[in-house]
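Residue numbers (full-length UniProt numbering): 1 to 130.
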Ligand SMILES: CC(=[NH2+])C(=O)[O-]
């Protein structure tokens with residue numbers, strides 16, 4: 001396995017790595033809307049927080065040599081399903097024409113009062129098994 005961490009996604013907030021590759025499959029830890037530079041929550045609306053979360057996701061993807069097109073599946077946790085449309089608005093723009101599989105569900109509480117958390121599984125062809 002190979003372990004990746006990104007300065008563009010901020011410090012991890014617990015005992016885990018930003019991303020772990022097992023062969024050609026990459027497991028990206030839950031991303032939240034905390035700013036990479038200072039760890040502070042960015043934004044108060046679901047749109048603002050989704051932008052920061054996806055920027056952090058992009059930072060992790062880049063650290064592992066991946067891009068959006070490598071994402072096979074995401075899991076999204078929202079503290080309120082009333083934010084579903086607002087989240088989708090930003091997520092859809094971020095993904096462009098790429099449409100990974102997805103699970104989206106409501107969560108009781110997310111660290112630091114974040115409105116969402118999102119993790120991802122990505123795939124990259126041609127890596128040696130490690
Ligand atoms: C924020 C997060 N990914 C965790 O596991 O605590």
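Where a beta carbon is used, it is the ideal one built from N, C-alpha and C, also for glycine.
Distance cut-off 7 Å: residue i Cβ against heavy atoms of ligand 1
i, result
"residue 20", "no"
"residue 17", "no"
"residue 29", "yes"
Straight-line Cα distance separating residue j from residue i
i, j, result
"residue 71", "residue 51", "17 Å"
"residue 46", "residue 76", "12 Å"
"residue 89", "residue 59", "21 Å"
"residue 86", "residue 23", "35 Å"
"residue 66", "residue 36", "19 Å"
Sequence-distant residues of its chain with Cβ nearer than 8 Å to residue i (five each side left out)
i, result
"residue 79", "106, 107, 108, 109, 110, 114, 115, 116"
Reduced DSSP secondary structure (H/G/I, E/B, other) of residue i
i, result
"residue 114", "coil"
"residue 41", "strand"
"residue 172", "Since the first residue shown for the chain is 1 and the last is 130, residue 172 is missing from the structure and cannot be characterised."
"residue 59", "helix"
Residues of its chain near residue i, where Cβ-Cβ distance is below 6 Å and the 5 sequence neighbours each way are ignored
i, result
"residue 6", "18, 59, 60, 63"
Given residue i as reference, the closest of the options once Cα atoms are compared
i, options, result
"residue 8", "31, 94, 118", "31"
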